[in-house]
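Here the structure comes first, spelled out in structure tokens, and everything after it is commentary.
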Amino acid sequence: MQRRPSAAREQLHTAAAYPAATNVNREFIMPATNSVDTALAVHGGPALRTRPWPVWPRSAPGTAAALDTVLGSGRWAISGPYRGVDSFERRFAAEFAAYHGVEYCVPAASGTASLMLALEACGVGAGDEVIVPGVSWVASASTVVGVNAVPVFADIEPDTLCLDPAAAEDAVTERTKAICIVHLYSAVADLSGLLSVARRRGIPIIEDCAQAHGASYAGRKVGAFGDVGTFSMQNSKVLTSGEGGAAITSDAALARRMEHLRADGRCYSARPPAPGAMELVETGELMGSNRCLSEFQAAVLLTQLPELDGENALRAANAALLDRRLSALGLRPQSTSSPTTERTYYTYAVEIPQELLAGADIAAVTAAITAELGFPASPAYAPLPANRLYAPEGRPRYSLGEEHRRKLDRSRFRLPVCDRVCRGLVTLHHAALLGDESDVDDIAAAFDKVLRHTPALVG
Ligand SMILES: *Cc1c(COP(=O)(O)O)cnc(C)c1O
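Taking the working numbering, the leading residue of the sequence shown gets 425, the next gets one more, and so forth.
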């Protein structure tokens with residue numbers, strides 16, 4: 425990889441960055457130890473970096489032309505008339521299924537929509553319980569509530585930050601209808617442990633891969649392990665059409681139910697109709713809702729998919745460098761389960777041990793890193809029982825009686841690992857890993873500088 429000159433490194437050579445002593449041989453001073461001694465940018469000192477960062481999302485070769493084709497096609501949605509060629513949606517579904525080595529893919533309007541398709545197709549409904557990891561994006565909980573079921577939060581593993589099989593097992597009751605696994609921040613969960621808990625009891629697994637497109641475990645893509653694998657193609661995700669989603673499965677009955685659930689109870693006809701006719705057939709097999717991906721979104725995804733592996737590899741190479749730099753500072757990068765064969769990065773997550781935080785709040789630390797880098801560093805998601813985005817009691821549609829209210833009560837969950845690790849986690853969006861080694865140097869220098877100034881952040 426070509427190394428670009430780093431503005432941050434040049435800044436290290438300014439006189440102000442050096443100690444007052446003049447008899448120091450500058451040749452022997454590592455530049456990084458100097459700039460990190462200036463006041464924190466968040467307190468008015470010089471920022472380590474002012475150079476711009478890679479921008480996400482970005483267009484791929486062929487995207488503009490594909491959008492133009494949709495514009496002129498006379499079909500902007502699968503519910504529009506058939507025009508004598510496969511819809512972009514159908515073509516994307518075939519490619520995405522093939523990419524994962526599964527039989528079926530049902531594209532959907534969002535990751536949220538795909539999770540709801542998966543839950544309902546697996547038979548989850550009113551009053552059922554679904555085991556959900558205690559830390560995830562709010563959709564992991566809101567979708568369960570959305571099908572009138574109850575999310576039962578279970579603790580995570582401290583190293584992978586993903587659902588702990590033992591905690592999941594403890595959370596099982598006779599009402600458990602599904603276990604949702606999230607490959608949080610792209611680390612792959614302990615799939616073999618979780619699958620064995622579920623299989624022993626005949627409980628379906630929904631594998632939420634919204635943060636792990638392209639990751640693999642024991643040589644197989646994630647999403648292919650659960651009864652259903654779900655994906656989000658929202659703006660921030662590593663494969664995106666702005667908004668979008670998909671559910672994959674190798675089970676024909678699940679796929680058929682999900683197809684009906686996402687297209688108002690309709691599914692594709694077995695054979696193409698005459699041009700100008702509807703391709704969706706009103707079978708009446710299962711009532712659905714409209715959760716379809718548009719042809720514009722499908723066209724974008726078709727041109728983005730070929731970029732995914734290369735971008736994943738670039739992010740992984742930069743993340744490996746960053747792991748080394750931050751480990752040398754005493755930090756603990758998130759790890760993935762050991763059978764992971766391809767580690768991807770939606771979010772880079774690293775834990776700062778409490779002794780290095782030295783009493784500083786993680787929100788103050790991430791604000792300070794953000795100010796040094798000009799790139800947002802954030803704490804982890806707040807554990808779901810305490811997450812301000814998760815508030816089902818504010819929605820009258822979920823007032824389903826006293827027993828349901830009691831089961832939704834979040835104060836009943838104890839998640840010590842979630843609570844502990846989230847107090848020290850710093851996360852960075854994957855755009856920070858789409859550049860080169862000079863970006864990794866800047867990130868490491870920002871952590872170094874901020875951690876030397878923790879006393880200034882206490883209080
Ligand atoms: C983004 C995300 C979702 C929801 O996807 P949307 O497309 O935003 O609806 C669900 N689960 C996880 C883990 C996510 O990161």
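Even for Gly, the Cβ is constructed at its ideal location relative to N, Cα and C.
For residue i versus residue j, is the C-beta distance shorter than 7 angstroms?
i, j, result
"Ser656", "Glu766", "no"
"Ala545", "Ser538", "no"
"His464", "Leu685", "In the sequence as presented, His is not what sits at residue 464; that position holds Leu. Their beta carbons are not under 7 angstroms apart, which means Leu464 does not touch Leu685 by this criterion."
"Pro481", "Val841", "no"
"Glu796", "Leu495", "no"
"Ala679", "Glu513", "no"
"Ser665", "Val724", "yes"
"Val554", "Pro575", "yes"
"Ala804", "Leu881", "no"
"Val621", "Cys633", "no"
"Gln635", "Tyr772", "no"
"Gly689", "Met711", "yes"
"Tyr822", "Ala565", "no"
"Thr878", "Ala752", "no"
"Leu839", "Asp594", "no"
"Ser534", "Glu667", "yes"
"Thr536", "Ala563", "yes"
"Gly508", "Pro757", "no"
"Leu729", "Glu519", "yes"
"Thr727", "Gly486", "yes"
Considering Cα atoms alone, identify which of the options is closest to residue i.
i, options, result
"Ala591", "Pro557, Pro763, Ile502 and Ala694", "Pro557"
"Ile672", "Glu719, Phe516 and Ser660", "Phe516"
"Ala810", "Pro800, Leu797 and Leu832", "Leu832"
"Ile630", "Ala670, Ser665, Asp594 and Thr597", "Ala670"
"Thr659", "Ala855, Asp843, Pro697 and Leu875", "For the sequence presented, residue 659 should be read as Asn rather than Thr. Measuring from the Cα of Asn659, the nearest candidate turns out to be Ala855."
"Ala573", "Ala550, Arg844, Val562 and Ala636", "Ala550"
"Pro800", "Arg876, Ala677, His853 and Gly508", "His853"
"Ala648", "Arg624, Val612, Ala870 and Lys661", "Val612"
"Ser762", "Leu780, Asp614 and Pro807", "Asp614"
"Glu527", "Thr474, Val466, Glu706 and Gly653", "Gly653"
"Thr790", "Leu839, Asp492, Gln728 and Ile867", "Ile867"
"Thr462", "Arg819, Arg834, Ala792 and Gly818", "Ala792"
"Ala501", "Cys529, Phe871 and Leu704", "Leu704"
"His607", "Lys601, Ala521, Ile786 and Thr768", "Thr768"
"Pro874", "Leu780, Glu826, Ala701 and Arg748", "A quick correction: the sequence has Val, not Pro, at residue 874. That would be Leu780, whose Cα lies nearest to the Cα of Val874."
"Gly626", "Ile603, Pro478 and Gly638", "Ile603"
"Val845", "Gln778, Pro696, Gly650 and Asp675", "Gln778"
Quick test of your reading: residue i and residue j, contact by CB under 8 angstroms. State the CB separation rounded to the nearest angstrom.
i, j, result
"Val864", "Asn736", "The Cβ separation is near 17 angstroms, so there is no contact."
"Cys716", "Ala687", "6 angstroms"
"Ile776", "Leu746", "Not confirmed; about 14 angstroms, so no contact."
"Leu808", "Val559", "7 angstroms"
"Thr584", "Ser802", "No, Thr584 and Ser802 are not in contact; Cβ-Cβ is about 19 angstroms, not under 8 angstroms."
Please tell me whether, using a cut-off of 6 angstroms, the distance from the CB of residue i to the nearest non-hydrogen atom of ligand 1 is below it.
i, result
"Gln635", "yes"
"Asp588", "no"
"Gln658", "yes"
"Val606", "yes"
"Trp561", "yes"
"Asp492", "no"
"Ser534", "yes"
"Asp632", "yes"
"Gly754", "no"
"Gly650", "no"
"Ala666", "The question names Ala, yet the displayed sequence has Gly at residue 666. Checking the Cβ of Gly666 against ligand 1 gives no."
"Gly468", "no"
"Gly669", "yes"
Taking 6 angstroms as the cut-off, is the beta-carbon of residue i closer than that to any non-hydrogen atom of ligand 2?
i, result
"Gly558", "Looking for ligand 2 in the displayed structure turns up nothing; the ligands present are ligand 1."
_Could you tell me which whole alpha helix (DSSP H) segments of length 4 or greater appear in the segment 464 to 497?_
487 to 497
*Where in the segment 617 to 703 do unbroken runs of the beta strand (DSSP E), each at least 3 residues long, occur, reported from the N-terminal end onward?*
Taking only runs of at least 3 residues, the beta strand (DSSP E) segments lying wholly in the segment 617 to 703 are 629 to 632, 652 to 656, 669 to 673 and 690 to 692.
_Which runs of the alpha helix (DSSP H) at least 4 residues long sit entirely within the segment 724 to 792? Give them in chain order._
778 to 781
*Contained alpha helix (DSSP H) runs [length at least 4] in the segment 499 to 530, N- to C-terminal order*: 512 to 524
*Considering only residues of the segment 792 to 844, which uninterrupted alpha helix (DSSP H) runs meet the minimum length of 4 residues and lie entirely inside it, listed in chain order?*
826 to 832
_Complete alpha helix (DSSP H) runs within the segment 568 to 626 (minimum length 4 residues, chain order)_ = If we require 4 residues or more, the alpha helix (DSSP H) runs fully inside the segment 568 to 626 come out as 589 to 595 and 615 to 625.
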